[in-house]
Amino acid sequence: MSPPRGTVLSNVNTRQKPSPNGLFLLHDYMDKFVIRGGKPLKGRIEISGAKNSALPCLAATLLTPETVTLHNVPYVKDLITQRRLLEDLGATVLTPELRTHKVTAKNIQTYEAPYELVKTMRASVLALGPLLSRFGKAKVSLPGGCAIGTRPIDLHLKAFEKLGAEVSLESGDVVATAPKGRLVGADVQFEKVTVTGTENVMMAAVLAAGKTTIRNAAREPEIEDLADLLIKMGARLTGAGTDTIEIEGVEGLGGAEHSIIPDRIETGTFIVAAAITGGELEVSKCEPEHIAAVIEQLERVGVEIEQLDESTLKVRQGGDGLKASDVTTEPHPLFPTDMQAQYMALMTQAEGTSTITETIFENRFMHASELIRMGADIAISGNQAVVRGPSKLTGARVIASDLRASASLVLAGLCASGETTIDRVYHIDRGYETIVRKFKSVGADIERLTEHGAGGRET
Ligand code: EPU
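Numbering (my numbering), first residue to last: 7 to 465.
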């Protein structure tokens, strides 16, 4: 399974055809999924490493000239992009095993994340904090809006200014410099909880002179994972996981070895998959504590979730079927926006009316119109979606608009009668590792079709 020592996966042409083991292929932009629904899923699924943790942890490798080894990095497109960014900056990235990245950012030659990369992945802005912190300069193309909202990074930039950086916008690029070459610790109060904003400031502050306090910090498990890595690298940081993080800047950071936490959103997605298909899944290698709010909500609507051991859940739909229940998305530890689309798919199968309120992103209901095409009864008004169920879903041609919307459509397709074709599945490839393979392994009838419609391709 493992590529040869030192294989640089990101150098693979993104349009190349699959290698014989099927795992190394990268996906054609025109790929589609074809799902023949109605089969209860049964078996065991292993959860991959968290995309949203691996992204900042890879960025953090820029903070030291020494080697940082990251294990359990999911093999998804966003991580390939992040890796390419590190290499473009001059870092060496080796992959002794498929999900292990050894990064040495010793000979950084440029301090710039270009538009070509940032436009494909907003998380490239995570390079700003570490570059500014270690080198006192960084230039990153300002990300535009995306399918789910305008998503500004003004709060990141204001916080950098608080740490003494001069920040300007030049021809669409954010240019940030630390006037005396080093940032200075400060009190940063976020007006709004921001996940990558908190991560960027943590990485900026670890090498700043003096103490930084981040207030109204995000509390997501990914923040704690990044903090664990930074501490292993020598950072003096406390409070990650609470809303106040304190950092005492140090002169330099060293190498470290770290394993990325399990992906809580992938975990939640498979729990919903078991419930929506009336099947029974063991979801292993997960961290149930990280999705306590999701588990609680899913139990409320009638999903039976039993914890078999510290990292395995057994999931099935309860005997009384699914009942509607309202949900509101909020920052961690409450119900995550990244599970909203999947929950909406589930509510189409629940008895009664559920109101889903999205408070994090202003345009994150793109999946609703596709679910309606499959027979769902959903009315959108502002940031609320009212779902009346249960509806009998039937297969249709639908379009994936973003990562979690795609997951929602896959879930709907798995419980619909007939055939569902999902276009633009490149969105799902950004964040779900080998999703076709995983679903097939538990009995789903799902295929990836290439551009020409020939030959289903496994991922
Ligand atoms: N916001 C601002 N200004 C800022 C930063 C954020 O107004 O400077 C606003 C955003 O527009 C949004 C809210 O604050 O309305 C929260 O955004 P946040 O910054 O927390 O989001 P993010 O860091 O860009 C991360 C995840 C998202 C996830 C959100 C919320 C990564 C790489 N991305 O985004 O993940 O939805 O937090 O939990 O960690 C996904 O995986 O599908 C995904 C979109």
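Beta carbons: idealized from backbone N, C-alpha and C, even for Gly. Note that this is a predicted model, so its numbers are computed, not measured.
Outcome for residue i when other beta-carbon atoms lying within 10 angstroms are tallied against a minimum of 16
i           : result
residue 322 : buried
residue 370 : buried
residue 158 : exposed
residue 156 : exposed
residue 398 : exposed
residue 426 : buried
residue 116 : exposed
residue 452 : buried
residue 188 : buried
residue 387 : exposed
residue 125 : exposed
residue 298 : exposed
residue 38  : buried
residue 27  : At residue 27, the pLDDT of 35 sits below 50, so the modelled position is not reliable and the matter cannot be decided from this model.
Three-way DSSP call (helix, strand, coil) for residue i in this model
i           : result
residue 264 : strand
residue 292 : coil
residue 373 : helix
residue 125 : coil
residue 186 : coil
residue 450 : coil
residue 147 : strand
residue 275 : helix
residue 455 : strand
residue 13  : Unreliable placement is indicated for residue 13, whose pLDDT of 33 sits below 50; no coordinate value is reported for it.
residue 433 : helix
residue 338 : coil
residue 195 : strand
residue 130 : helix
residue 204 : helix
residue 252 : strand
residue 243 : strand
residue 109 : strand
residue 94  : helix
residue 367 : coil
residue 135 : helix
residue 360 : strand
residue 28  : Per-residue confidence for residue 28 stands at a pLDDT of 35, beneath the threshold of 50, marking its modelled position as unreliable; the derived number appears in the next sentence. Coil at residue 28, not helix or strand.
residue 414 : helix
Residue i: CB within 7 Å of a non-hydrogen atom of ligand 1
i           : result
residue 199 : yes
residue 294 : no
residue 45  : no
residue 430 : no
residue 228 : yes
residue 125 : no
residue 347 : no
residue 58  : yes
residue 157 : yes
residue 203 : yes
residue 531 : Because residue 531 is not part of the residues shown, which for the chain are 7 to 465, the question remains open.
residue 224 : yes
residue 89  : no
residue 129 : yes
residue 344 : yes
residue 419 : no
residue 221 : no
residue 61  : yes
residue 437 : yes
residue 39  : no
residue 270 : no
residue 367 : yes
residue 188 : no
Selection from the options that minimises the alpha carbon distance to residue i
i           : options               : result
residue 154 : 48, 317, 433 and 135  : 433
residue 180 : 345, 166, 68 and 243  : 166
residue 148 : 139, 176 and 142      : 176
residue 277 : 289, 267 and 262      : 289
residue 367 : 295, 442, 199 and 300 : 199
residue 205 : 408, 216, 36 and 221  : 221
residue 308 : 317, 340, 91 and 325  : 325
residue 242 : 228, 212 and 230      : 212
residue 382 : 69, 137 and 351       : 351
residue 225 : 169, 163, 337 and 139 : 337
residue 362 : 93, 234 and 333       : 333
residue 444 : 416, 430, 422 and 135 : 416
residue 272 : 402, 194, 47 and 58   : 58
residue 137 : 95, 320 and 431       : 95
residue 407 : 424, 373 and 390      : 373
residue 130 : 454, 80, 65 and 209   : 65
residue 413 : 267, 248 and 347      : 347
residue 266 : 250, 291 and 279      : 291
Proximity test, residue i beta-carbon vs ligand 2 heavy atom, cut-off 7 Å
i           : result
residue 341 : In the structure shown, ligand 2 is absent; the only ligands present are ligand 1.
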